[in-house]
Amino acid sequence: MENPVLVEVTRGSIVESFHRGSVAIVDGDGRLVFGVGDIERPSFPRSAVKPFQALPFVESGAADRFGFGDAELALSMASHNAEARHVETARAMLAAAGLDETCLACGPHWPGRHDDQGELHRRGEKPGRIHNNCSGKHTGFLCTCVVIGADPRGYEKAEHPVMREVIAAGASMTGTPHATDICGIDGCSIPTFAVAPRALAHGFARFVTGVGLTATRARAAERLRLAAAAEPFMIAGTGRFCTRAMTALGDRVLVKTGAEGVFIGAIKELGLGIALKIDDGATRASEAVMARILMDLLKLTPDDRGYAEMKALVSPPVKTWAGDTVGEIRVTAALDGVTG
């Protein structure tokens, strides 16, 4: 099955590029509200499932043991820019648990913004593991190790007690057995498991509604959701879609990007989870589609909070290096049936 074109990129009057993909919108009971493309085809959700992966961090009591608040909880779900506040918060979390960044299993990479890369250069420093966009998630894993009495060494391996809990949380939330035949290794060195968009959307509907969850898990999920809404900067950072959308819309939405064109969203007031996959992995397409879906489901009008920001995210301009607008990124009619 060939997925439909969801996004076109124009230059002048010509469609220069296009992106195919699939979208599933599901309620807490698993009812499909909207679907387009092959929503049963599994793919790796990568960082999009960080809210699921953070559940054991809260459920174990680790967040409370070390007195962490919204900023730390949000960072445990983040794909951050490694701006100063992200790095400082991760270091403080590790220190609270008696650890440091040498304990992180995620590899080093440069911060996401040129300004922060330049600051490292000026200080004569190289990027470290703490600058990895997943260092907040890994810090949560390490704090959980300390609280449950597990050896932090090897925490990124599937057989480690903490990673077993993380894997079990993802399997339970999505209803997809996380077996070895659908397992890969994520860029940050932990296991990642292929999940279909429909199952992923159902998992996030359950995350915000609590349908089918234990009381403990429902409380943990709600706490994480509200932390992301309270500290959207910590989820991503300056200029990033997740931060911009959650700043614009507040606690109405939870959104989280994943690598290779995956994006999830959830709207508590509607009880809906959203999952999409862009076939060619293009982030520009996944962001435009998610923005359009959120606007349509929430029925945003020019008088609503966040309308202007979300409108800008739906149709980003294509510009020359001189700053002139010469085209646009636009969502196609394949999504015209999305309604709240």
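FYI, the numbering for the sequence shown is 693 to 1032, going by my numbering. Idealized CB from N, CA, C, for every residue including glycine. Fair warning: this is a prediction, and the values are worked out from it, not measured in the lab.
Helix, strand or coil at residue i [DSSP, three-state]
i       : result
Phe744  : helix
Arg856  : helix
Cys875  : strand
Pro883  : strand
Ser827  : helix
Ser739  : helix
Ile970  : strand
Leu724  : strand
Val701  : strand
Val981  : helix
Lys960  : helix
Phe833  : helix
Val947  : strand
Val1030 : coil
Phe955  : strand
Span of the beta strand (DSSP E), counted from its first residue to its last, around residue i
i       : result
His711  : Ile706 to Asp719
Pro994  : First-last for Pro994: undefined, no H or E at that position.
Thr1009 : The amino acid at residue 1009 is misidentified as Thr; the sequence shows Pro. Here the beta strand (DSSP E) through Pro1009 covers Pro1009 to Lys1011.
Contact under 8 Å by Cβ, residue i with residue j
i       : j       : result
Val1006 : Arg976  : no
Ala746  : Gly841  : no
Ala886  : Phe736  : yes
Phe896  : Ile822  : no
Glu952  : Arg712  : no
Ala912  : Gly902  : no
His894  : Thr866  : yes
Cys795  : Pro844  : yes
Leu765  : Ala776  : no
His778  : Gly950  : no
Val1010 : Val725  : no
Leu968  : Val1030 : no
Glu923  : Asp808  : no
Ser881  : Glu848  : yes
Pick from the options that is closest to residue i, judged by C-alpha positions
i       : options                           : result
Tyr999  : Thr1017, Thr939 and Ala893        : Thr939
Phe933  : Pro800, Lys948, Leu767 and Pro819 : Lys948
Leu892  : Thr702, Ser714 and Glu694         : Ser714
Ala980  : Ile966, Met1002 and Glu961        : Met1002
Ala1025 : Ile927, Cys837, Glu914 and Val728 : Val728
Asp996  : Tyr847, Arg703 and Arg944         : Arg944
Cβ neighbour criterion (16 or more within 10 Å) applied to residue i
i       : result
Gly828  : buried
Gly790  : exposed
Ser768  : buried
Ala774  : buried
Thr1004 : For clarity, residue 1004 is Ala in the given sequence; the question names Thr instead. So Ala1004 counts as exposed.
First through last residue of the alpha helix (DSSP H) which encompasses residue i
i       : result
Ala940  : Phe933 to Leu941
Arg1022 : No alpha helix (DSSP H) contains Arg1022, which is instead part of the beta strand (DSSP E) from Thr1017 to Val1023.
Gly692  : With the chain running from 693 to 1032 in the structure shown, residue 692 is simply not present.
Val1006 : Tyr999 to Val1006
Met926  : Pro924 to Ile927
Beta carbon proximity, residue i to chain C, threshold 8 Å
i      : result
Gly841 : Absent here is chain C; the protein component of the structure consists of one chain.
Any non-hydrogen atom of the ligand PLP closer than 7 Å to residue i Cβ
i      : result
Phe760 : As for the ligand PLP, it is missing from this structure, which has no ligand bound.
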